[in-house]
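A quick write-up on the structure given underneath.
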DNA sequence: TTGCTTATTGGTCGCACACTCAATAGCATC
DNA sequence: GATGCTATTGAGTGTGCGACCAATAAGCAA
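Protein chains in written order, with our numbering: chain F, 1 to 210; chain C, 1001 to 1210.
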């Protein structure tokens, strides 16, 4: 008959709970960074006990990888949906470029930086990052290829062009990350020009001239 | 008369000790990452007690910033010496490009990634990163400007061109970091072509055609 | 040689972390 | 309403971290 107050327990199906945990972790990853994914932090956010997180993810590293994968997949689906909605490849690419160089992409670009760095120490995360890179590259390559097929783009190697675009975007993001921040639009314009040239597009076709 | 064995103490001048500590921390930063700069780790490497490190750096964060600054400055001095040795701006730039996209730059490129990410949480480090960015940008801009003056390069805005080159290099490094690793030389070539175009150089002037 | 300054130590504190596991209570099923 | 399965808890372990500080010895100056 100890006076200890017992905690109200809410019991959920393993699938639901797992999904909840991953979602919470993905949110924390995007807003605070992957290293803030701790048992305590996630448990607090879900109002459960740390032990429960451990129960579903015996090793935190697995949860970290899962969270990154979840966030990256969701973001990619927004940027370049698998089943292309209406619009030409040029439209899709222009939107992709505009979004990934815009402020709405800040969190995700930070997360990429974060994940790439951390993946040096965490093998499980590393695999996920490689997987996502390949996914993003594939998706973008498909768009480029479609554009070539429709005569909108002209390039020798679609995949190579896609990688170049990703490299340039990552470079911009990497620089922006410190907060030199929003480099003058001129840099973004120059980066766009690089992509435009590679795809045989006229100046300003991908992003508005500043 | 306790039987505790007393440690042999080696007493050095504050300046020497400080320099020693920063150097050790810079090495750790380059090889293991900035988060491995801990009182215990650095103390162990120098064969002193953790308290001593605290004595010189009451806040570890300051040591981290110092270590990054030291490593970055040393690297820049190697890549783009302040007092240019013999060689034309084109030579200097070509060497800079070759080195920063080569394997010898791996550690430093990882460190940049590391520092940019960490600077999100550590204000002191952040300031250092911004300072180094400005330093690198300035140094590279000077080279570009010299090349323009000598008629080797042709570009409207030297600083803008310099930033674009840095962005492309960072993008390559960021990608390479995960270990997709050494992307095919073709990507590097494409990146070089971007810089060449921006500087009004013929194809292959900056880096050998693959 | 003696004395004094101070660089260095050793010990300790409090905190946050991941991980473990027996006990327990929520809930689907009958 | 009773039963059984298991999702969830509570309590605890051990590790590594930054920070603090009184005591101490190294080595310079007198």
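Cβ atoms here follow ideal geometry from the backbone N, Cα and C, with glycine treated the same way. Note that the structure is predicted; figures quoted are calculated from it, not measured.
Rounded to whole angstroms, what is the Cα-Cα separation between residue 1047/C and residue 1057/C? 17 Å
Quick one: what does DSSP say residue 1050/C is sitting in, helix, strand or coil? Helix at residue 1050/C.
Below-8 Å beta-carbon distance, residue 1077/C vs any chain F residue: no
Near-chain F residues of the segment 1152 to 1170 of chain C (beta-carbon distance less than 9 Å), N- to C-terminal order: 1157, 1160, 1161, 1163, 1164, 1166, 1167, 1168, 1169 and 1170
Helix, strand or coil at residue 1107/C [DSSP, three-state]: helix
How long is the line joining the alpha carbons of residue 147/F and residue 11/F, rounded to whole angstroms? 50 Å
Here's the rule: buried if 16 or more other CB atoms are within 10 angstroms of the residue's CB, otherwise exposed. What is residue 1025/C? buried
When you compare the CB positions of residue 1041/C and residue 1022/C, do they come within less than 8 Å of one another, or not? no
Can you list the beta strand (DSSP E) stretches of 3 or more residues lying completely in the segment 1054 to 1119 of chain C, in chain order? Runs of the beta strand (DSSP E) inside the segment 1054 to 1119 of chain C: none found.
Show which residues of chain F have a CB atom less than 7 Å away from the CB atom of residue 1194/C. 194
Close Cβ partners of residue 1209/C (< 7 Å) along its chain, the five nearest in sequence each way excluded: 1189 and 1203
So, is the C-beta of residue 133/F closer than 8 Å to a C-beta in chain C? Yes, because at least one Cβ of chain C sits closer than 8 Å to the Cβ of residue 133/F.
If we cut at 8 Å on Cβ distances, does residue 109/F have a partner in chain C? no
Nonlocal neighbours in the same chain, by C-beta distance under 6 Å from residue 1078/C, ignoring five residues either side: none
Can you list, in chain order, the residues of its chain whose CB lies under 6 Å from that of residue 119/F, leaving out five sequence neighbours each side? 125, 126 and 129
Which bits of chain C does residue 178/F rub up against, with CB to CB less than 8 Å? Within chain C, the residues near residue 178/F are 1116, 1119, 1126, 1129, 1130 and 1133.
Mind the definition here: the segment 1138 to 1147 of chain C touches the segment 1076 to 1095 of chain C only if three or more C-beta pairs lie below 8 Å; say whether that holds. yes
Which residue's Cα is closest to the Cα of residue 138/F: 76/F, 187/F and 121/F? 76/F
Could you check whether the segment 1153 to 1160 of chain C touches the segment 1063 to 1071 of chain C, counting it as contact only if at least three pairs of C-beta atoms, one from each stretch, sit closer than 8 Å? Taking 8 Å as the limit for Cβ pairs, the verdict is that the segment 1063 to 1071 of chain C does not touch the segment 1153 to 1160 of chain C.
Establish whether the CB of residue 187/F and some CB of chain C are separated by less than 8 Å. Yes - at least one Cβ of chain C is within 8 Å of the one on residue 187/F.
Which value, in whole angstroms, describes the spacing of the CA atoms of residue 1002/C and residue 1009/C? Since pLDDT at residue 1002/C reaches only 37, below the 50 mark, its modelled position is unreliable, and no value is offered.
Am I right that residue 167/F and residue 1191/C are in contact with their C-beta atoms under 8 Å? What's the rounded C-beta distance? 7 Å
Of the choices 110/F, 74/F, 49/F and 136/F, whose alpha-carbon is the least far from that of residue 6/F? The candidate whose alpha carbon is nearest that of residue 6/F is 49/F.
Under a CB-based cut-off of 8 Å, is residue 33/F close to chain C? yes
Report the neighbours of residue 205/F on chain C: residues whose CB is nearer than 7 Å to its CB, in chain order. In chain order: nothing, as chain C lies at least about 17 Å away.
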